[in-house]
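Here the structure comes first, spelled out in structure tokens, and everything after it is commentary.
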Amino acid sequence: MTQTDATNSQQRVTGTQQHRLMRRATYASVSVASGLVLLKTGAWLITDSISLLSTLVDSLLDVAASLVNLLAVRQALSPADREHRFGHGKLEPLAALGQAAFITGSALFLAITAGQRFIAPRPVQQEEVGILVMLASIIATLLLVSYQRRVVRRTGSLAIQADSLHYTGDLLVNAAVILALVLWLQTGWTWLDPAFAIAIAVYILITAVRIVRGAYDMLMDRELPEEERQRIVEIVRQHPQVIGMHDLRTRASGPHSFIQLHLELDGRMNLYQANVIADTVETDVANAFPDAEVIIHQDPHGVDDDSMPFAKQQAEGESEEAPSVGDARD
81 MTQTDATNSQ QRVTGTQQHR LMRRATYASV SVASGLVLLK TGAWLITDSI SLLSTLVDSL
141 LDVAASLVNL LAVRQALSPA DREHRFGHGK LEPLAALGQA AFITGSALFL AITAGQRFIA
201 PRPVQQEEVG ILVMLASIIA TLLLVSYQRR VVRRTGSLAI QADSLHYTGD LLVNAAVILA
261 LVLWLQTGWT WLDPAFAIAI AVYILITAVR IVRGAYDMLM DRELPEEERQ RIVEIVRQHP
321 QVIGMHDLRT RASGPHSFIQ LHLELDGRMN LYQANVIADT VETDVANAFP DAEVIIHQDP
381 HGVDDDSMPF AKQQAEGESE EAPSVGDARD
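Note that the sequence shown covers residues 81 to 410 in my numbering.
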């Protein structure tokens, strides 16, 4: 994540507004993809262009992927319940993996179809119609991607980000089809149409790989970007009574983040004072990361976790006389 991305993360909204933005983004993607399917179907039937067919197949898969995205986002935004205490945010990367599967399937279909057209080439018909349809597709997709990026900046949604990345790829696909049709008009070379279709298929596969990487990181609880982790450290160290911190752990689940850390305080403090300081630090971190759940544990400064009871007692001789965990609970 770049510095700009880190700054954008500060602009995120929370609660009802965040959920509303994400739902609207899913509705917009389904609507745009459905409209483009109808438009491209007519254009393909008129032109018989394989590269235009490639964009039609991509739009059909866009509809399916966006519908999966819509359902997954709705479920991911459901509040935590007794069986899912950490919420349902992992549905977002699962939806992203579903999108990657759709995208990979479309790329393979295009490659096979383009290979067949190399063997049995056919001329493109009424190229002007195809060019006009692609221009309309570019305009509609540009508007959708612009809206999705605003939503991602304000929500941090991985599912919407994957959808936006997919449609960004569609922009290049549509531009490539226009170029193929223009070159066909100028040269009449029949191999240009399937050649561009294969190039589009390769690009779609690259897009799928990028989506899978992002989904894998979230499913495997990868740490937040280093810029955000450093920001957490700076916030914690700003408090004058905090001596140090350790064991910072972070992860993301859908639009939500989880932050855990150990706070090092003066060991002579009473429990009430330590709790007040920890609550203050927790509030500061939560204000900076409004979509995060923050958990802070207080430790006396200079004492490692491994040296706490029951790992070691006051002296090794006392360890044999110390009660077991089961006895202590009794």
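By construction, the Cβ of each residue, glycine as well, lies at the ideal position given by its N, Cα and C atoms.
Beta-carbon proximity check, residue i vs residue j, cutoff 8 Å
{"i": "A368", "j": "I315", "result": "yes"}
{"i": "Q179", "j": "A108", "result": "no"}
{"i": "Q321", "j": "I357", "result": "yes"}
{"i": "P274", "j": "F198", "result": "yes"}
{"i": "L341", "j": "L351", "result": "no"}
{"i": "Q378", "j": "L343", "result": "yes"}
{"i": "A194", "j": "L119", "result": "no"}
{"i": "A295", "j": "A176", "result": "yes"}
{"i": "E172", "j": "A152", "result": "yes"}
{"i": "T248", "j": "V232", "result": "no"}
{"i": "L263", "j": "L252", "result": "no"}
Nearest-angstrom beta carbon gap, residue j and residue i [assumed within contact, 8 Å]
{"i": "A187", "j": "I284", "result": "4 Å"}
{"i": "F189", "j": "V137", "result": "6 Å"}
{"i": "T106", "j": "N254", "result": "Between N254 and T106 the Cβ distance is about 22 Å, and since that is not below 8 Å, they are no contact."}
{"i": "S114", "j": "V143", "result": "6 Å"}
One or two residues paired with residue i in a DSSP bridge
{"i": "S333", "result": "H336"}
Straight-line gap, residue i to residue j (C-alpha atoms, nearest Å)
{"i": "V405", "j": "T363", "result": "Residue placement at V405 is flagged as unreliable, the pLDDT there being 38, under the threshold of 50; the coordinate-derived value follows with that caveat. If I take the Cα positions, the gap works out to 34 Å."}
{"i": "Q266", "j": "A281", "result": "24 Å"}
{"i": "R256", "j": "V213", "result": "The residue asked about is misnamed: residue 256 is Ala in this sequence, not Arg. If I take the Cα positions, the gap works out to 13 Å."}
{"i": "H246", "j": "V365", "result": "33 Å"}
{"i": "L141", "j": "V209", "result": "23 Å"}
{"i": "S244", "j": "M102", "result": "12 Å"}
{"i": "D85", "j": "G185", "result": "At D85, the pLDDT of 42 sits below 50, so the modelled position is not reliable and the matter cannot be decided from this model."}
{"i": "L261", "j": "I211", "result": "7 Å"}
{"i": "I323", "j": "I286", "result": "47 Å"}
{"i": "R331", "j": "D250", "result": "31 Å"}
{"i": "R290", "j": "I240", "result": "14 Å"}
{"i": "I375", "j": "T360", "result": "12 Å"}
{"i": "G333", "j": "P370", "result": "Residue identity check: residue 333 is Ser in the sequence provided, not Gly. Distance between the alpha carbons of S333 and P370: 14 Å."}
{"i": "L150", "j": "H99", "result": "12 Å"}
{"i": "G236", "j": "H326", "result": "26 Å"}
{"i": "T121", "j": "L133", "result": "8 Å"}
{"i": "L223", "j": "A279", "result": "25 Å"}
{"i": "M298", "j": "P380", "result": "33 Å"}
{"i": "P305", "j": "S129", "result": "44 Å"}
{"i": "M430", "j": "A191", "result": "Residue coverage of the chain in this structure runs from 81 to 410, which leaves residue 430 outside it and unanswerable."}
{"i": "V112", "j": "L345", "result": "55 Å"}
{"i": "V277", "j": "Q228", "result": "Here residue 277 is Ala; the residue named in the question, Val, does not match the sequence. Their backbone Cα atoms lie some 26 Å apart in a straight line."}
beta-carbon residue i near the ligand HEM non-hydrogen atom, thresh 7 Å
{"i": "L141", "result": "No copy of the ligand HEM appears in this structure; indeed no ligand is present at all."}
**Request:** Go through the region 303-385 residue by residue and report every complete run of the beta strand (DSSP E) that reaches 3 residues or more, in order.
**Result:** 324-333, 336-345 and 372-380
**Message:** Which runs of the alpha helix (DSSP H) at least 4 residues long sit entirely within the region 224-289? Give them in chain order.
**Reply:** 238-267
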